[in-house]
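For reference, the structure is listed below as structure tokens.
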Amino acid sequence: MAAQLLEGKVIADKIKEALKKEIVSLKEKTGLCPKLVSVQAGENPASSVYIKSQKKTAEILGIEYVLDTLDADITQEGLIDKIIALNLDAGVSGIIVQLPLPKGIDHKLVMSAISAKKDAEGMHPENLGHVLLGDSELAPCTAQAAMQLITSTGIELYGKEAVVVGHSEIVGKPLSMLLLNKFVTTTVCHIATGQRGILPEHVKGAEILVVAVGKAGLIKGDWIKEGAIVVDVGINRVGDKLVGDVEFESARDRAGFITPVPGGVGPLTVTMLMRNVVSAFKIQHKI
Ligand code: NAP
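Sequential numbering from 477 applies to the sequence shown in this note's numbering.
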């Protein structure tokens, strides 16, 4: 039987409804409006797509969204000074720096300059530390989105076998910690797993599989365990189509639940960003 589709938009709509109500009550309580400042250094078509979707979602929710566009020739020091000024501005609840940054700028240094309390993306080392400790309030958005999709299945996670393919700081590593915090037995696969030729072996044992690599067709449909929860984070352009990292049609015949690409993780990621802004607002106002 074909797997049930895990549609991010449906889950995102529910979370957005709850967030909208919470924002109205926060505004009544404080007389203030949560505000997200998006810093973009130079023009970039890829980040412009994300900015458009962030702006639209913020507007729907009642979050003020300000795009701060800086010249492409800004220096690292200039960018960090800008962030420090935003950190000190009491009216700013959350900050996001759009990637990629111009050549020569160390993005890790820039991200670390954002106050941990205003870290909308949940990528500050202090917030990543809280993910490890299991008490995070601001976790990386895509990892949170994948977690939302997994929990939306209603399947008991305790003791399940999960495989996360990809060990990036933005998705694979934090997600493996979020799963571990739910007592999921979690294996993280990466480039060396693939090079040793044992990726299929790991994937075949996964009751929960999350793939975040960025290689179309990396995961073959016949590797999927019968009834597995499959979350495909990958986004790849093949001709004029967007596809994930998992061979969708053949995987769908074996999985219990599977995310479509597009329409799975993507719509939830921006919602998680807005939820982080609301959490940051509450942290700053001690609510
Ligand atoms: P990334 O930083 O490039 O990380 C990719 C990971 O995959 C790395 O850990 C890499 O290992 C590993 N890898 C590469 N080849 C592999 C192989 N053959 N077998 C196993 N692991 C392999 O990418 P990312 O930022 O995590 O993003 C991953 C994908 O998710 C991309 O397609 C991206 O567009 C998508 N994405 C989607 C969303 C969304 O909201 N839907 C958000 C973020 C990212 P090494 O580093 O050791 O080579």
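C-beta: ideal position from N, C-alpha, C; glycine also.
- Task: Within the same chain, show all residues whose beta-carbon is closer than 6 Å to that of Asn603, passing over the 5 residues directly before and after it, in chain order.
- Result: Reading the sequence shown from its first residue, position 127 is the one you call residue 603. Ala592, Asp595 and Leu614, listed in sequence order.
- For the alpha helix (DSSP H) that Ile626 lies in, which residues bound it at each end? If you number the sequence shown from 1, residue 626 lands on position 150. Per DSSP, Ile626 belongs to the alpha helix (DSSP H) from Cys617 to Thr627.
- What is the DSSP secondary structure of Lys511, reduced to helix, strand or coil? Here residue 511 is taken as the residue at index 35 of the sequence shown, counted from 1. Lys511 falls in the strand class under three-state DSSP.
- Message: To the nearest angstrom, how far is the alpha carbon of Val568 from that of Asp544?
- Response: Residue 568 sits at position 92 when you count from the first residue of the sequence shown. Residue 544 sits at position 68 when you count from the first residue of the sequence shown. Using only the alpha carbons, I get a separation of about 12 Å.
- Task: Answer with buried or exposed for Tyr634, where buried requires no fewer than 16 other C-beta atoms within 10 angstroms of its C-beta.
- Result: Position 158 of the sequence shown, counted from the start, is the residue given in the question as residue 634. Exposed, because fewer than 16 other Cβ atoms sit within 10 Å of the Cβ of Tyr634.
- Task: Please look up how many angstroms separate the CB atoms of Leu575 and Ser523, rounded, as I've assumed it's under 8 Å.
- Result: Reading the sequence shown from its first residue, position 99 is the one you call residue 575. Reading the sequence shown from its first residue, position 47 is the one you call residue 523. Confirmed, about 7 Å.
- Reduced DSSP category for Gly567 - H, G, I as helix; E, B as strand; rest coil: As a working note, residue 567 is residue 91 in the sequence shown. It is coil, neither helix nor strand.
- Task: In the DSSP assignment, find the alpha helix (DSSP H) that holds Tyr526 and state where it starts and stops.
- Result: The residue labelled residue 526 in the question sits at position 50 within the sequence shown. Tyr526 -> alpha helix (DSSP H) spans Pro521 to Leu537.
- Please list, in chain order, all residues of the same chain as Asp547 whose beta carbon is under 8 Å from its beta carbon, the five residues on each side excluded. Locating residue 547 in the sequence shown gives position 71, counting from the first residue. Ala517 and Gly518, listed in sequence order.
- Item | Helix, strand or coil at Ala478 according to DSSP, with G and I counted as helix | As a working note, residue 478 is residue 2 in the sequence shown. It is coil, neither helix nor strand.
- C-alpha gap between Ala494 and Ile487, whole angstroms: To locate residue 494, count along the sequence shown from 1; it is residue 18. To locate residue 487, count along the sequence shown from 1; it is residue 11. C-alpha separation (whole angstroms): 11 Å.
- Query: Do Thr745 and the ligand ATP come close, with the Cβ less than 7 Å from some heavy atom?
  - Reply: Because the ligand ATP does not appear in the structure shown, any question about it cannot be addressed here, the ligands present being the ligand NAP.
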